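Just add 11 to wherever you are in the sequence shown, counting from 1, and you've got this note's numbering.
All residues carry an ideal CB built from backbone N, CA and C; glycine is no exception.
Values in this document were obtained by computation on a predicted structure and should not be read as measured data.
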Amino acid sequence: MRRAVVLSALGLGGTSPNPPVGCVIVAPDGDVVGEGFHERKGGPHAERNALDAAGDRAVGATAYVTLEPCCHHGRTPPCHQALLDSGVVRVVIGVLDPTSRGAGGAALLREGGVKVDVGVLGEEVLVVLGTWLETLARGRPRVIWAYRQDGCGGGELPADVLAGVRSTVDVVVGDGFVATEGVPGAHGDFRVPQLRGEDGPVAALQAMYDGGARSVLVAGGRPLGEMFVAAGLVDEVRVWLSGPASGTPAEVAAPPPGFRVRAVQPMAGGVLVEAVNSG
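What follows is the structure, given as structure tokens:
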């Protein structure tokens, strides 16, 4: 299952509004015979990719999948049926899918004679799937504000640090614009109103969510990020500190008030602070 979790992360930024899922097929002798992940919206799901890799060796095997297999026919056939047709005898699921229709993929697998275990390494699965599940409950994308902070007053992150954050999100919002070109998963599908007034961030996030975005990076300067913070819409911040600061404590606060530090790591000649909203 841990291997499936790692694989699922490869789909971040490319699958929205679908979830990033990983799947590993293990033969009775313990050999991994197939693995896959959901690479992009509209493409084959993780289970289908793993089963294609396994071929006939899926017969009698166990499938480890981070999210409950789907049980409806959308752009792709239902994954629960693909698993049944493959001859696997056991399916191990990380977390159940709250969007399942009807009985659900786990129940239909059991009806088909497959042994099903649910809740295996669920907390670790949520490291990747948590954002997708959160957005379903909130009805808006998860928002990350990324910026640099130093004695010069702050600004954008160094290019290499920013690239690492961009690779995991659907949409990047800058000062007065929304960028989708070159952003994995965006495909130019998002049409967003101008960020004007207090209601601008709320309207923009709603438009992006309705267009399929599930994660948004606010990458402009402090005024733009603080606009989203003031509206209570920032879930996470990434603050890059270049070193000892020469400004006042208020100018170099990292993270902003209301956020708790989750991780700190040296990066690009400075320190990257990751913090989450403590509200």
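Rounded straight-line distance, which links the Cα of ALA65 to that of GLY105 = What you label residue 105 is simply residue 94 of the sequence shown in a count that begins at 1. What you label residue 65 is simply residue 54 of the sequence shown in a count that begins at 1. Answer to the nearest angstrom: the Cα atoms are 20 Å apart.
Specify the secondary structure class of PRO277 as computed by DSSP and reduced to three states.
-> By 1-based counting over the sequence shown, the position of residue 277 is 266. DSSP, reduced to helix, strand and coil, places PRO277 within a strand of the structure shown.
Evaluate contact between the stretch 149-158 and the stretch 112-126, counting only Cβ atoms and requiring at least three cross-stretch pairs below 8 Å.
-> no
Compute the distance between the beta-carbons of GLY45 and LEU18, then report whether it is under 8 Å.
-> The sequence position of residue 45 within the sequence shown is 34, counting from 1. The sequence position of residue 18 within the sequence shown is 7, counting from 1. The Cβ atoms of GLY45 and LEU18 do not sit closer than 8 Å to each other.
Determine the direct distance from the alpha carbon of GLY211 to that of THR259, and round the result to whole angstroms.
-> For the purposes of this step, residue 259 is taken as the residue at position 248 of the sequence shown. For the purposes of this step, residue 211 is taken as the residue at position 200 of the sequence shown. Note that THR259 scores a pLDDT of 45, beneath 50, so its modelled location is shaky; the value from the coordinates is reported in the next line. Roughly 31 Å between the two C-alpha positions.
Which residue from ALA69, GLY53, VAL103, VAL32 puts its Cα closest to that of TYR75?
-> For the purposes of this step, residue 75 is taken as residue 64 along the sequence shown, with counting starting at 1. Comparing Cα-Cα distances from TYR75 to each of ALA69, GLY53, VAL103, VAL32, the minimum goes to VAL103.
What residue from PRO39, LEU252, ALA274 has the CA that sits closest to VAL282's CA?
-> Here residue 282 refers to the residue found at position 271 when the sequence shown is read from its first residue. Of the candidates PRO39, LEU252, ALA274, the one whose C-alpha sits nearest the C-alpha of VAL282 is LEU252.
Could you tell me which residues DSSP puts in a beta bridge with GLU46?
-> As a first step, residue 46 must be located in the sequence shown, where it is residue number 35. In the DSSP output, where bridge partners are listed per residue, GLU46 has VAL35.
Using the Cα positions of PRO89 and LEU235, report the straight-line distance between them to the nearest angstrom.
-> As a working mapping, residue 89 is identified with position 78 in the sequence shown. As a working mapping, residue 235 is identified with position 224 in the sequence shown. Answer to the nearest angstrom: the Cα atoms are 42 Å apart.
Do you know whose CA, among GLY269, GLY232, ALA224, lies nearest ASN29's CA?
-> One-based indexing of the sequence shown puts residue 29 at position 18. Of the candidates GLY269, GLY232, ALA224, the one whose C-alpha sits nearest the C-alpha of ASN29 is ALA224.
List the DSSP bridge partners of GLN160.
-> Residue numbering aside, residue 160 sits at position 149 when the sequence shown is read from its first letter. According to DSSP, which records beta bridges pairwise, GLN160 is partnered with LEU252.
Tell me which same chain residues have a C-beta within less than 6 Å of the C-beta of LEU23, skipping the five on either side of it?
-> For this step, residue 23 is matched to residue 12 along the sequence shown. PRO31, THR179, listed in sequence order.
Going by other Cβ atoms of all chains shown within 10 Å of its Cβ, with 16 needed for buried, is VAL129 buried or exposed?
-> One-based indexing of the sequence shown puts residue 129 at position 118. Exposed is the call here.
DSSP beta-bridge partners of GLU247 = Position 236 of the sequence shown holds residue 247. DSSP lists ILE155, VAL287 as partners of GLU247.
ALA230 burial status per 10 Å Cβ neighbour count (16 or more: buried) = Reading the sequence shown from its first residue, position 219 is the one you call residue 230. Looking at its Cβ environment, which holds 16 or more other Cβ atoms inside 10 Å, ALA230 is buried.
For the alpha helix (DSSP H) that contains LEU78, what are its first and last residues?
-> Taking the first residue of the sequence shown as 1, we reach residue 78 at position 67. Unbroken run through LEU78 is the beta strand (DSSP E), 73-78; no alpha helix (DSSP H).
Just the C-alpha distance for GLN276 and GLY25, rounded to the nearest angstrom, thanks.
-> Your numbering for residue 276 matches position 265 in the sequence shown. Your numbering for residue 25 matches position 14 in the sequence shown. Roughly 26 Å between the two C-alpha positions.
Look at the Cβ atom of VAL250, then the Cβ atom of ASN288, and state whether they are nearer than 8 Å.
-> Stepping through the sequence shown from its first residue, residue 250 is reached at position 239. Stepping through the sequence shown from its first residue, residue 288 is reached at position 277. Not in contact: VAL250 and ASN288 (Cβ atoms no closer than 8 Å).
Below 8 Å CB to CB, which residues in the same chain sit around LEU140 once its five sequence neighbours on both sides are set aside?
-> Residue 140 sits at position 129 when you count from the first residue of the sequence shown. SER19, PRO30, PRO31, VAL32, THR77, LEU78, GLY105, VAL106.
Integer Cβ distance of HIS49 from CYS81, believed to fall under 8 Å | Walking along the sequence shown from the start, residue 49 turns up at place 38. Walking along the sequence shown from the start, residue 81 turns up at place 70. Not confirmed; about 10 Å, so no contact.
Is the CB-CB distance between THR73 and VAL37 below 8 Å?
-> As a working note, residue 73 is residue 62 in the sequence shown. As a working note, residue 37 is residue 26 in the sequence shown. In this structure, VAL37 lies closer than 8 Å to THR73 by Cβ.
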